[in-house]
Amino acid sequence: MKDLSTDVVVIGAGNAACCAALAAAEQGAHVIILERAPADLRGGNTAFTAGAMRVVYNGIDDIECLVPDLSAAEKASTDFGSYSQADFLDDLARVTQYQCDPDLAETLVSKSLDTLKWMRDKGVRFAPIYGRQAFKVDGRFKFWGGLTVEAVGGGPGLLDALYAAVREAGITVMYSADAYKLARDDGGVCAVWVRSQGKTITIKARAVVLACGGFQANPEWRTRYLGAGWETAKVRGTSFNTGDGLRMAIDIGAATRGNWSGCHAVGWERNAPEFGDLAVGDGFQKHSYPFGIMVNSNGQRFVDEGADFRNYTYAKYGREILAQPGQFAWQVFDKKVSHLLRDEYRIKQVTKVVANSLEELCTKLDDVDGSALQNTIREYNRAIDQSIAFNPNVKDGRKTSGLGVNKSNWANLLDTPPFEAYAVTCGITFTFGGLRINSDSQVLGTDLNPIAGLYAAGEIVGGIFYFNYPGGSGLTNGAVFGRIAGTGAGVDVTKFR
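Sequential numbering from 29 applies to the sequence shown in this note's numbering.
Structure representation (structure tokens):
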């Protein structure tokens with residue numbers, strides 16, 4: 029294979045990368061996408077997502093811009109409400125403990141709706157998230173937790189639409205193309221070294237966009253940056269995100285930023301494989317814990333399952349599970365809430381126990397002190413304020429009192445058989461530390477000036493998420509900054525024509 033030359037190289041091939049490539053092509057640039065994976069495993073972590081995208085909207089008119097085929101029946105049966113810029117910013121600031129970069133946060137939030145409209149114009153279809161983000165209240169669906177729309181077909185559907193747009197735009201995609209080094213001269217980044225088909229080639233370019241994810245699939249880096257024990261975590265998504273883009277950029281003087289000891293990590297099927305399974309997708313996740321309790325091997329609760337809506341706690345509770353003895357936990361529910369459990373609890377690849385009494389359940393949970401668990405459940409049931417009605421649509425304040433770890437909302441008696449329990453461990457999604465960029469998605473050097481011709485978007489960027497993140501903001505983040513990065517790279521190229 030011969031060396032190549034192009035205008036813009038995009039390293040990575042998921043949502044952020046495709047948005048960057050499409051935006052660069054809009055500026056008239058010739059673009060090559062480098063996908064480290066083979067074609068059947070393309071798309072990075074995007075391929076494993078459910079497709080939810082957090083977006084600002086002021087009412088049903090904005091929703092109809094994204095979902096123009098919304099039916100009259102759906103409109104009549106749904107209270108879409110609104111989700112303002114202030115709401116999004118407040119959620120982002122609150123869950124990141126006010127550490128998120130204010131300029132990047134403002135860019136993400138203010139450009140979210142316009143970016144999804146742009147994606148819609150590129151062929152991406154959206155739909156309301158009825159199945160996972162809405163409950164019926166007085167006969168009408170009401171959304172909770174700030175999430176209202178998702179890409180049709182989830183992550184795979186999002187990728188299919190983006191790749192159709194990539195083909196239409198004449199963008200070249202190179203598969204099994206492992207970028208491993210960047211070249212930088214006095215004018216900035218000028219080339220990428222790539223291993224492809226057993227050969228090493230150089231691709232000369234006027235601009236490079238890094239959109240190749242974090243280091244979650246690298247157990248050595250996880251242990252180095254996240255801490256002891258993280259080598260045992262399951263990887264929810266692709267095996268190809270091993271931090272190579274970060275290393276390449278740092279090697280040529282890029283600055284880093286963000287929560288390098290933090291990550292997005294969730295409750296994940298205990299016996300799931302080491303990496304994500306495209307046939308299962310995000311089905312290994314277990315996110316209905318607000319309606320039950322979570323216990324460790326000592327039979328003890330260890331988190332406030334009802335601290336907030338699931339969207340604002342699930343990305344940090346994986347870390348809590350990893351910290352438990354044996355790095356696992358069990359989620360326990362009774363019949364009263366079994367109808368509220370998400371579809372992921374009904375897949376075949378699940379570690380599940382069913383029992384007709386609490387005594388039986390406590391003896392059947394593998395690796396758990398059953399006697400201690402019985403005591404935990406008795407104490408939990410006695411501590412519930414039953415004067416407050418249970419309501420899954422709001423933070424209902426139905427709480428416990430007097431426990432070492434109280435539950436703030438949705439505390440129900442565990443008293444109605446059959447009882448169900450599900451074994452979970454930690455599943456890491458992506459890492460929060462990354463490259464330092466400005467609001468134009470330019471990568472900054474250690475002198476805090478932009479490195480000419482180098483952009484970044486998506487999970488490789490640091491400074492946006494710290495400690496936690498609002499559900500659905502990852503894909504939106506990738507799309508917003510991917511579009512900005514691609515536009516900037518394309519403009520860089522046209523300056524020379």
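Using N, Cα and C, we set each Cβ at its ideal position, and we do this for glycine too.
Here the structure is a predicted model, which means the values were calculated and not measured.
(request) Kindly confirm or deny that the region 472-492 and the region 424-439 touch, where touching means at least three C-beta pairs closer than 8 Å. (result) no
(request) Keeping to the same chain, check which residues put their C-beta closer than 7 Å to that of proline 353; ignore five residues upstream and five downstream. (result) Reading the sequence shown from its first residue, position 325 is the one you call residue 353. Around proline 353: Asn324, Ser325, Asn326.
(message) I'd like the ranges of any alpha helix (DSSP H) spanning at least 4 consecutive residues and lying wholly in the region 38-102.
(response) 43-54, 88-94
(request) At 3 residues or longer, and completely inside the region 318-404: list those beta strand (DSSP E) runs for me, N to C. (result) 321-323, 357-361, 380-383
(request) Let me know if glutamate 196 comes out buried or exposed under the rule of 16 or more other beta-carbons within 10 Å of its beta-carbon. (result) For the purposes of this step, residue 196 is taken as the residue at position 168 of the sequence shown. Classification of glutamate 196: exposed, given that the 10 Å Cβ count is below 16.
(request) Report the rounded CA-to-CA distance for phenylalanine 108 versus valine 95, giving the unit in angstroms. (result) For the purposes of this step, residue 108 is identified with residue 80 of the sequence shown, where counting begins at 1. For the purposes of this step, residue 95 is identified with residue 67 of the sequence shown, where counting begins at 1. Cα to Cα, phenylalanine 108 sits roughly 12 Å from valine 95.
(request) Look up asparagine 505 in the DSSP assignment and say whether it is helix, strand or coil. (result) Here residue 505 is taken as the residue at index 477 of the sequence shown, counted from 1. Asparagine 505: helix per DSSP, three-state reduction.
(request) Name the two residues that bound the continuous beta strand (DSSP E) containing glutamine 225. (result) Along the sequence shown, read from residue 1 onward, the residue named residue 225 stands at position 197. Unbroken run through glutamine 225: none, as it is neither H nor E.
(request) Consult DSSP for leucine 472 and reduce its assignment to one of helix, strand or coil. (result) As a first step, residue 472 must be located in the sequence shown, where it is residue number 444. Three-state result, leucine 472: strand.
(message) Once DSSP output is grouped into helix, strand and coil, what is the label at tryptophan 438?
(response) Taking the sequence shown and counting its residues from 1, the one referred to as residue 438 is at position 410. Coil at tryptophan 438, not helix or strand.
(message) If I follow the unbroken beta strand (DSSP E) through phenylalanine 447, where does it start and stop?
(response) The sequence position of residue 447 within the sequence shown is 419, counting from 1. Taken as a continuous stretch (DSSP letters only), the beta strand (DSSP E) holding phenylalanine 447 covers 447-459.
(request) Below 7 Å CB to CB, which residues in the same chain sit around glutamate 63 once its five sequence neighbours on both sides are set aside? (result) Taking the sequence shown and counting its residues from 1, the one referred to as residue 63 is at position 35. These residues qualify, in order along the chain: Ala41, Arg70, Val201, Met202, Tyr203, Ala205.
(request) Taking only the alpha-carbon atoms, compute the straight-line gap between glutamate 54 and aspartate 468 and give it to the nearest angstrom. (result) Position 26 of the sequence shown, counted from the start, is the residue given in the question as residue 54. Position 440 of the sequence shown, counted from the start, is the residue given in the question as residue 468. One C-alpha to the other measures close to 17 Å.
(message) Taking the alpha carbon of arginine 410 as the reference point, which residue from Ala439, Lys232, Ala335, Lys363 has its own alpha carbon closest?
(response) The residue labelled residue 410 in the question sits at position 382 within the sequence shown. Among Ala439, Lys232, Ala335, Lys363, the Cα nearest to that of arginine 410 belongs to Ala439.
(request) Mind the definition here: the region 170-188 touches the region 78-92 only if three or more C-beta pairs lie below 8 Å; say whether that holds. (result) yes
(message) What does the alpha-carbon distance come out to for the pair phenylalanine 312 and arginine 264?
(response) One-based indexing of the sequence shown puts residue 312 at position 284. One-based indexing of the sequence shown puts residue 264 at position 236. Using only the alpha carbons, I get a separation of about 8 Å.
(request) Could you spell out the range, first to last residue, of the beta strand (DSSP E) harbouring glycine 430? (result) Here residue 430 is taken as the residue at index 402 of the sequence shown, counted from 1. Unbroken run through glycine 430: none, as it is neither H nor E.
(message) Are the CB atoms of leucine 442 and isoleucine 321 within a distance shorter than 9 Å?
(response) Mapped onto the sequence shown, residue 321 falls at position 293. Mapped onto the sequence shown, residue 442 falls at position 414. Yes.
(message) Using CA atoms only, rank isn't needed, just tell me which of Leu187, Leu98, Asn246 is closest to phenylalanine 268.
(response) For the purposes of this step, residue 268 is taken as the residue at position 240 of the sequence shown. Checking every option, the nearest Cα to that of phenylalanine 268 belongs to Asn246.
(request) Report, in whole angstroms, the separation of the C-beta atoms of valine 381 and lysine 392, which I expect to be a contact under 8 Å. (result) Counting from 1 along the sequence shown, the entry for residue 381 is found at position 353. Counting from 1 along the sequence shown, the entry for residue 392 is found at position 364. About 5 Å; that satisfies the 8 Å criterion.
(message) So, with DSSP's three-state summary, where would you put tryptophan 296?
(response) Residue numbering aside, residue 296 sits at position 268 when the sequence shown is read from its first letter. If DSSP states are grouped into helix, strand and coil, tryptophan 296 belongs with the strands.
(message) Judging by CA-CA distance, which residue of Asn437, Glu448, Ser415, Met276 is the nearest neighbour of threonine 383?
(response) Taking the sequence shown and counting its residues from 1, the one referred to as residue 383 is at position 355. In the sequence as displayed, the identity of residue 383 is alanine instead of threonine. Nearest option by C-alpha distance: Glu448.
(request) Take the Cβ of arginine 406 as the centre, count every other Cβ of all protein chains shown within 10 Å, and call the residue buried at 16 or more, exposed below. (result) Counting from one through the sequence shown, the residue named residue 406 turns up at place 378. So arginine 406 ends up on the exposed side.
(request) Leaving out five residues on either side along the sequence, give the residues of the same chain with a beta carbon under 6 Å from the beta carbon of threonine 459. (result) Numbered from its first residue, the sequence shown carries residue 459 at position 431. Closer than 6 Å at Cβ, skipping near neighbours: Gly242, Phe243, Gln244, Cys291.
(request) Examine the Cβ distances between the region 43-53 and the region 495-515 and report whether three or more of them are shorter than 8 Å. (result) yes
(request) Report the rounded CA-to-CA distance for alanine 104 versus isoleucine 88, giving the unit in angstroms. (result) For the purposes of this step, residue 104 is taken as residue 76 along the sequence shown, with counting starting at 1. For the purposes of this step, residue 88 is taken as residue 60 along the sequence shown, with counting starting at 1. Their backbone Cα atoms lie some 11 Å apart in a straight line.
(request) Consult DSSP for glutamate 407 and reduce its assignment to one of helix, strand or coil. (result) Along the sequence shown, one-based indexing puts residue 407 at 379. In the structure shown, glutamate 407 sits in a helix (DSSP, three-state: H, G or I).
(request) Using beta-carbon positions only, say whether isoleucine 60 and valine 84 come within less than 9 Å of one another. (result) Counted from its first residue, the sequence shown places residue 60 at position 32. Counted from its first residue, the sequence shown places residue 84 at position 56. The answer is no: Cβ separation not under 9 Å.
(message) Let me confirm a value: aspartate 413 is counted as buried when at least 16 other C-beta atoms fall within 10 Å, else exposed. Which label applies?
(response) As a working note, residue 413 is residue 385 in the sequence shown. Result: exposed.
(message) Considering only the alpha carbon of each residue, which of Gly304, Ala417, Ala51, Cys390 lies closest to threonine 404?
(response) By one-based count along the sequence shown, residue 404 stands at place 376. Threonine 404 has its Cα closest to that of Cys390, out of Gly304, Ala417, Ala51, Cys390.
(message) For isoleucine 278, report the span of its alpha helix (DSSP H) as first-last.
(response) For this step, residue 278 is matched to residue 250 along the sequence shown. Unbroken alpha helix (DSSP H) run through isoleucine 278: 272-279.
(request) In the DSSP assignment, find the unbroken beta strand (DSSP E) run with arginine 168 in it and report its ends. (result) Looking up residue 168 in the sequence shown gives position 140. Counting along the chain, the beta strand (DSSP E) containing arginine 168 begins and ends at 168-171.
(request) Please classify threonine 124: does DSSP put it in a helix, a strand, or coil? (result) Locating residue 124 in the sequence shown gives position 96, counting from the first residue. In this structure, threonine 124 counts as coil in the three-state DSSP scheme.
(request) Return yes when the Cβ of valine 294 is within less than 9 Å of the Cβ of alanine 300, no when it is not. (result) Locating residue 300 in the sequence shown gives position 272, counting from the first residue. Locating residue 294 in the sequence shown gives position 266, counting from the first residue. Contact: no.
(message) From the DSSP secondary-structure annotation, give me the bridge partner or partners of methionine 202.
(response) The residue labelled residue 202 in the question sits at position 174 within the sequence shown. In the DSSP output, where bridge partners are listed per residue, methionine 202 has Leu62.
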